[in-house]
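**Q**
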Amino acid sequence: MTTGWDQRPTTGAEHGEWLPVLDIPAPGRQRRWTVLLRWLLLLPQFVVIVLLGLAAFFVTIAGWFAALFTGRLPDGIFRFLSSVLAYSTRVNASAMLLVDSYPPFSFSAPRYPVRIEVRPTPLNRAAVFFRLILMIPAMIVSSLLQSGWYAMCWVFWLITLVLGRLPAPLYAATAAVTRYAMRFNAYASLLSPAYPKRLFGDAPATAEDVHSGTRPLLLDTAAKVLVVLFLLLGLAGHITNATVENDTADDTTRTALSGTLPAHFEAPGTTSLDHRAHL
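Quick look at the structure:
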């Protein structure tokens, strides 16, 4: 059973564990004016995603309680959450320059080139109970990947604007980030029991098993280096932000203490104006 959009053929290379599928066409020509205005054009879609995300948050909580007792998501909850995941994946793929087509304002988009497939699957109750803890490592990886990609997105945008297409290594690395984020969201929202994996792509497949630019997803050396670079940039950004926040908090604390201490008391490392005047 699939989620309502067109059923897609799947490969048998999952070794007994079926992973959510992402289909994106191979990189092609893009209109430069849509590349130039991509994020501006997608602003309404970003607003919709925020609203859908809020609704999905509460639906996921209800689904968590249901799955904890029944071992699976109710059909209605599964359909809604999988539709939200498909919608957000289409918008993310467009925002990350993987496709040129504008995503529709609809849950059902059978003709849109970006598609996902998730399947209703029995869930392990223990894994459901501890899902918030189990998903932490994948959440960190997904956050670092996306932070690193967005740190470099202006370079990718400029390259695509000049060339009119996203070069193959950039496409593969970006698709790897998008697919990992989709699989993480599917795992976090209980749509799949499979832990996110295969960040660095799939094994080569025969011609009859090739269904799209991302199935199988093949990363050459340059694309794998880019994925590692995303992780490193994301980590550096998080460390920098944490350092700045700590410094800001320390400065705020010092300022608050200076304003509350008696006049004759000085915080360590400070010198009164009267003392400075005598020097």
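Note that the sequence shown covers residues 2 to 280 in this note's numbering. Don't be surprised by glycine CBs; every beta carbon is placed ideally from N, CA and C. Predicted, not measured: the structure shown is a model, and the values here were computed from it.
1) Examine the Cβ distances between the region 194 to 211 and the region 19 to 36 and report whether three or more of them are shorter than 8 Å.
2) Among the residues of its own chain, which have a CB less than 8 Å from the CB of G238, if the five just before and after it don't count?
3) Note the first and the last residue of the continuous alpha helix (DSSP H) segment covering I137.
4) Using the Cβ count rule (16 or more neighbours within 10 Å means buried), how would you classify D101?
5) Can you give me the C-alpha to C-alpha distance between T161 and A187, rounded to a whole angstrom?
6) Distance check for P28 and P168, CA to CA, integer angstroms please.
7) Where DSSP assigns a beta bridge to I117, which residues make up the other side?
8) How is R180 classed by DSSP in three states: helix, strand or coil?
9) Between which residues of its own chain and L74 is the CB-CB distance below 8 Å, once the five residues before and five after are set aside?
10) Using beta carbons (cut-off 8 Å, strictly below), is V228 in contact with chain B?
11) Note down, one range per segment and in chain order, each alpha helix (DSSP H) of at least 4 residues found wholly within the region 70 to 110.
12) Starting from the Cα of L171, find the closest Cα among S89, E246 and W158 and give me that residue.
13) So, at 6 Å on beta carbons, what are the nonlocal neighbours of T272 in its own chain, with the 5 sequence-adjacent residues on each side left out?
14) Here's the rule I'm using: 16 or more other beta-carbon atoms within 10 Å means buried, otherwise exposed. How should L55 be labelled?
15) Would you mind sorting T207 into buried or exposed? The rule is 16 or more other CB atoms within 10 Å of its CB.
16) Helix, strand or coil: which one does DSSP assign to R216?
17) Is DSSP giving M2 helix, strand or coil here?
18) How should Y116 be labelled, buried or exposed, when 16 other C-beta atoms within 10 angstroms of its C-beta is the threshold for buried?
19) What does the Cβ neighbour count give for V228, buried or exposed, with the cut at 16 atoms within 10 Å?
20) Are there 16 or more other CB atoms within 10 angstroms of the CB of S107, so buried, or fewer, so exposed?
**A** On the basis of the coordinates in this document:
1) Taking 8 Å as the limit for Cβ pairs, the verdict is that the region 19 to 36 does touch the region 194 to 211.
2) Result list for G238: S148, G149 and A152, in chain order.
3) If you look at I137, you'll find it in the alpha helix (DSSP H) that goes I137 to L164.
4) By the beta-carbon neighbour count (other beta carbons within 10 angstroms, threshold 16), D101 is buried.
5) Taking the straight line from one Cα to the other gives about 29 Å.
6) Distance between the alpha carbons of P168 and P28: 7 Å.
7) For I117, DSSP records a beta bridge to L23.
8) R180: helix per DSSP, three-state reduction.
9) Leaving aside the five residues that flank L74 on each side, the residues in its chain whose CB is nearer than 8 Å to its CB run, in chain order, G64, A67, A68, L82, P121, L124, L191 and L192.
10) Protein chain content of the structure displayed is limited to a single chain, and chain B is not contained in it.
11) Within the region 70 to 110, the runs of alpha helix (DSSP H) that reach at least 4 residues and sit entirely inside it are, in chain order, 76 to 96.
12) When each option's Cα is compared against that of L171, the closest is W158.
13) Note that T272 scores 46 on pLDDT, short of 50, meaning its location in the model is unreliable; the coordinates nonetheless yield the value given after this. Same-chain partners within the cutoff: there are none.
14) Exposed, by the Cβ-count rule.
15) T207 comes out exposed.
16) Strand.
17) Note that M2 has pLDDT 37, beneath the 50 cutoff, so the model's placement of it is unreliable and the number below is only indicative. It is coil, neither helix nor strand.
18) It should be pointed out that residue 116 corresponds to Arg in this sequence rather than to Tyr. For R116, the number of other beta carbons within 10 angstroms of its own is at least 16, and it is reported as buried.
19) Buried is the call here.
20) Per the 10 Å Cβ criterion, exposed.
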